[in-house]
Amino acid sequence: MFSQSLAFMLRSIGIATLTIVALWLLQPEWLVARASLLESAQPVATLQATRPTIVAPASYADAVEPAAAAVVNIYTAKVITRQRNPLLEDPFLRHFFRQEIKPRKEIQTSLGSGVIFSSEGYVLTNNHIIAGADEIQVLLKDGRSAQATVVGADKDTDLAVLNIDLDNLPTLPIGDSKQLRVGDIALAIGNPFGVGQTVTLGIVSATGRNQLGINRYEDFIQTDAAINPGNSGGALINAHGELIGINTAIYSRSGGSQGIGFAIPVNMARIVMTQLVERGHVERGWIGIEAQDITPELAHSFNLDTTRGLLIAGILRRGPADKAGLEPGDVIKTIDGQIVSGASDAIYYIAQQGPDVKLSITGLRNGKPFSTRVTTIKRPD
12 MFSQSLAFML
22 RSIGIATLTI
32 VALWLLQPEW
42 LVARASLLES
52 AQPVATLQAT
62 RPTIVAPASY
72 ADAVEPAAAA
82 VVNIYTAKVI
92 TRQRNPLLED
102 PFLRHFFRQE
112 IKPRKEIQTS
122 LGSGVIFSSE
132 GYVLTNNHII
142 AGADEIQVLL
152 KDGRSAQATV
162 VGADKDTDLA
172 VLNIDLDNLP
182 TLPIGDSKQL
192 RVGDIALAIG
202 NPFGVGQTVT
212 LGIVSATGRN
222 QLGINRYEDF
232 IQTDAAINPG
242 NSGGALINAH
252 GELIGINTAI
262 YSRSGGSQGI
272 GFAIPVNMAR
282 IVMTQLVERG
292 HVERGWIGIE
302 AQDITPELAH
312 SFNLDTTRGL
322 LIAGILRRGP
332 ADKAGLEPGD
342 VIKTIDGQIV
352 SGASDAIYYI
362 AQQGPDVKLS
372 ITGLRNGKPF
382 STRVTTIKRP
392 D
């Protein structure tokens, strides 16, 4: 019996051996593939076990805390003189009243926010907050307060710089608004409705917003972080606590936040602030043209294959553009090698360059390419 079992086992081993040999002779790649699968099984399991788990931050407190210390509340007061009824100014009535009737004075107050931009006491805020104010009070998060003086204001970007005389002022790191992407985290810090410093969370909804009719020069960051009255002049920061914008305006039908807020990019604000501190005003470049966007209809009539660029609708006689040979009807395609996407972008770029700067311009005139150089001058008030 034992010998029969042994014989059966030997026959089974022999059949298996013959099968492997046959597979090797007929389809050797089957065995190689099987070996590869066996070899790769363990590394795959190892990779799955060691794969890192990505966890979103549960709190932005570490970014907000130092930044919030540099955001201030701004209170302004303005004396409004209102004349009484003109009938009371009549000499006949004065004779009977026998007293001098003086104009009535009222104190008009408003509130907003600001950002301490340097330890030297410079505070950046919106111009519409402090315009015409007779008194400006700045309140810090640590409880200190100070009277502020106006260093300079720029109506074209709605920015203003104040100065306060206090020691050990907190500041916050400055980010780069050019690196912003739609979807980046954005936190707005300010004093909405005067309730006290408040932080709201959202994302960057869009960049480069212009033609909104808010300022002359517009390049807004749009965010859905709640911005309400009183937030103006406050900080818009990123997830790292870096300043990326100055909260300025909201789109609202009710007066409250509806998820569309606008902030001035910090790169623009820094340029304006530097000039206000150094000169007290902002000098912008100007070439004396009336620029118009190229609509699809204009592109068709000018035989253009794109709406990128700008159309010169008018030129100031004896202005920089006129002296450089530019003419109404010219289509400007590039300035300093940069493609012109539209009229507002081109005018903003020219303004940023300042006066006495030579610009290289290329474009089309009657369908034919041309190039010229224009020297900017200071934009008239």
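Everything in the sequence shown is counted per the numbering used here, starting at 12 for the first residue and increasing by one.
Even for Gly, the Cβ is constructed at its ideal location relative to N, Cα and C.
Quick caveat: nothing in here was measured; it's all calculated off a predicted structure.
Contacts around residue i, its chain only, beta-carbon distance under 8 Å, and the 5 residues preceding and following it disregarded
i           : result
residue 284 : 128, 133, 135, 170, 172
residue 182 : 81, 127, 128, 129, 130
residue 193 : 214, 215, 216, 217, 218
residue 204 : 239, 240, 241
residue 72  : none
residue 292 : 163, 165, 286
residue 399 : Limits of the chain in this structure are 12 at one end and 392 at the other, which puts residue 399 out of reach.
residue 301 : 323, 324, 325, 326
residue 251 : 74, 184, 186
Contacts around residue i, its chain only, beta-carbon distance under 7 Å, and the 5 residues preceding and following it disregarded
i           : result
residue 177 : 132, 155, 157
residue 56  : No answer about residue 56 holds up, because its pLDDT of 43 lies below 50 and its placement is not dependable.
residue 367 : 386, 387
residue 145 : 88, 89, 90
residue 347 : 370, 371
Residue i versus residue j: straight-line alpha-carbon distance, rounded
i           : j           : result
residue 85  : residue 333 : 46 Å
residue 245 : residue 335 : 43 Å
residue 262 : residue 175 : 32 Å
residue 258 : residue 273 : 6 Å
residue 168 : residue 311 : 35 Å
residue 220 : residue 363 : 17 Å
residue 39  : residue 190 : Confidence in residue 39 is poor, its pLDDT being 47 and thus under 50, which makes the residue's placement too unreliable to answer from.
residue 74  : residue 230 : 25 Å
residue 361 : residue 380 : 21 Å
residue 92  : residue 338 : 51 Å
residue 287 : residue 294 : 9 Å
residue 142 : residue 90  : 12 Å
residue 83  : residue 137 : 13 Å
residue 303 : residue 276 : 24 Å
residue 392 : residue 166 : 11 Å
residue 226 : residue 153 : 33 Å
residue 149 : residue 78  : 17 Å
residue 345 : residue 232 : 25 Å
residue 260 : residue 208 : 18 Å
residue 243 : residue 147 : 15 Å
residue 211 : residue 202 : 11 Å
residue 249 : residue 309 : 41 Å
residue 316 : residue 222 : 24 Å
residue 195 : residue 76  : 19 Å
Beta carbon of residue i nearer than 7 Å to that of residue j
i           : j           : result
residue 321 : residue 280 : no
residue 213 : residue 197 : yes
residue 387 : residue 296 : yes
residue 369 : residue 390 : no
residue 378 : residue 314 : yes
residue 365 : residue 327 : no
residue 352 : residue 278 : no
residue 122 : residue 199 : no
Classification of residue i by the beta-carbon crowding that lies within 10 angstroms, buried from 16 upward
i           : result
residue 206 : exposed
residue 124 : buried
residue 371 : exposed
residue 307 : exposed
residue 180 : buried
residue 236 : buried
residue 356 : buried
residue 151 : buried
residue 325 : exposed
residue 256 : buried
residue 139 : buried
residue 69  : exposed
residue 163 : buried
residue 88  : exposed
residue 350 : exposed
residue 341 : buried
residue 234 : buried
residue 224 : exposed
residue 160 : exposed
6 Å CB neighbourhood of residue i in its chain, flanking five on each side removed
i           : result
residue 382 : 373
residue 359 : 228
residue 253 : 184, 186
residue 375 : 342
residue 305 : 318, 320, 322
residue 289 : none
residue 120 : 88
- Item | Unbroken stretches of the beta strand (DSSP E), 3 residues or longer, contained in the region 118 to 170 | 133 to 137, 146 to 150, 156 to 158, 160 to 165
- Task: At 4 residues or longer, and completely inside the region 319 to 372: list those alpha helix (DSSP H) runs for me, N to C.
- Result: 331 to 334, 354 to 364
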